[in-house]
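In what follows, a structure is listed as structure tokens, so that the remarks can point back to it.
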Amino acid sequence: LHAISKDESLSAFDELMANPVRLIFWNTVIHILIFLIVKRGVQGGIEKAVKVLMPILFVALFAMVIYGFVSGDMKAAATFLMEPDFSKVNARTVMMAIGQAFFSIGIGMGALIAFGAYLPADYSIPKSAVGIIFADTGVALLAGFAIFPLVFAFGLDPSGGSGLTFVTLPVAFGQMPGGIIFGSIFFILLFAAALSSCIGCGEGVAFWIMEKFDVGRTRAILYTVIAAWIVGLVTIFSLGDWAHFYPLEFIPAMKGMNIYVAIDFLAANILLLISALFTSVFFGWFVPNKIRLESINVSESGMYHFWLILVRFVIPPILLVVLVKGVTGL
């Protein structure tokens, strides 16, 4: 993270993206790491990993926020983050916002169902849900105030996506006092966040394989990791030779998306919403009331019936309308 120009940073990033051997190597390393962690189970592997990763996340975030306050443009960042522009709100942005919320919390992946199977019988699901929502929103705000003050201070494009993360931010870090330290903290933070998400998804899929096919944890995790590794290969090749192959061009919302972008869009913005829709319908209409009460550990109160009305009559049609309008562009 020494001082480099944007052209040098872009060249280094493009060189990495054009090197499938290096990408396949790191794809393999990450999946081996996921296998080793998830293989040890929830308490022996995932819980221990999260106990290390989450404190790193919070400490790094707070350090970055303080640094952004001192060295960045906090006023511009606050305006960008906190002042909504309703003219840009449409079905597609709503669909992407819901997808982002579901992805960050873990709704629609099966991960929460898998982790929930290990909870004590007297554990309060509603209290946990409220805590998760506030924690997730708080971390998102911290991340915003950690990154965007630096973005605006150095005149970077806040909508740069992966280009902002891997091309322009290294340039900014290289020009800052202490940029090597805080740049390293930022990318450690990014890695920890990505790894924790992969661990949660891996546990959800492996749990289903164990239950469905009656196989041991090691085999289930191995099948999961191999499948994910293969998908990783597809995305790697779509950055090179397959970059101009658009398999879902016929869908209005996915026009111009290559395989990599299409997989990302499908997973985060469509499949999660479809999964949440079916989960809501199943839990609201087909699960017996007694099992519902036992599953979420609540009594049959007015608040419970209000929640049930939402699950049955409000959430499914909203998700369905957002999905249809977001995908078709109507």
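The numbering used here numbers the first residue of the sequence shown as 295 and each following residue consecutively.
Note that CB positions come from ideal geometry on N, CA and C, so glycine has one too.
It should be emphasised that the depicted structure is a prediction, and the values quoted were computed from it without experimental measurement.
- Taken through DSSP and simplified to helix, strand or coil, M403 comes out as coil.
- Of the other Cβ atoms in all chains shown, 16 or more fall within 10 Å of the Cβ of G402; this residue is therefore buried.
- Nearest Cα to A343 within the set G477, I524 and F485: F485.
- Burial is judged here by how many other beta carbons sit within 10 angstroms of a residue's own beta carbon; V359 has at least 16 and is buried.
- If you look at M548, you'll find it isn't in any alpha helix (DSSP H); DSSP assigns it neither H nor E.
- Within a 10 Å sphere around the beta-carbon of T387 sit fewer than 16 other beta-carbons, which makes this residue exposed.
- Taking a 10 Å sphere around the C-beta of Y361, we find 16 or more other C-beta atoms and assign the residue as buried.
- DSSP places D379 outside any alpha helix (DSSP H), giving it a letter other than H or E.
- Secondary structure at N591: coil, using DSSP grouped into helix, strand and coil.
- Taken through DSSP and simplified to helix, strand or coil, F539 comes out as coil.
- For the 8 Å CB-CB criterion, F446 and A370 form a contact.
- In the DSSP assignment, Y417 falls outside any alpha helix (DSSP H) and carries neither an H nor an E.
- Annotation: the stretch 463-526 contains the following complete segments of the alpha helix (DSSP H) (minimum length 4 residues), in chain order: 463-469 and 473-507.
- Rounded to the nearest angstrom, the Cβ distance from I603 to P314 is 51 Å, too far for a contact under 8 Å.
- I399 and T573 have their C-alpha atoms spaced approximately 15 Å apart.
- Nearest C-alpha to A500 among L489, A488 and A522: A522.
- Straight-line measurement puts the Cα of F576 at about 10 Å from the Cα of V605.
- V332: member of the alpha helix (DSSP H) spanning P314 to K333, first to last residue.
- Counting C-beta pairs with one atom in each stretch, the stretch 550-569 and the stretch 390-397 have three or more that are closer than 8 Å, which means they touch.
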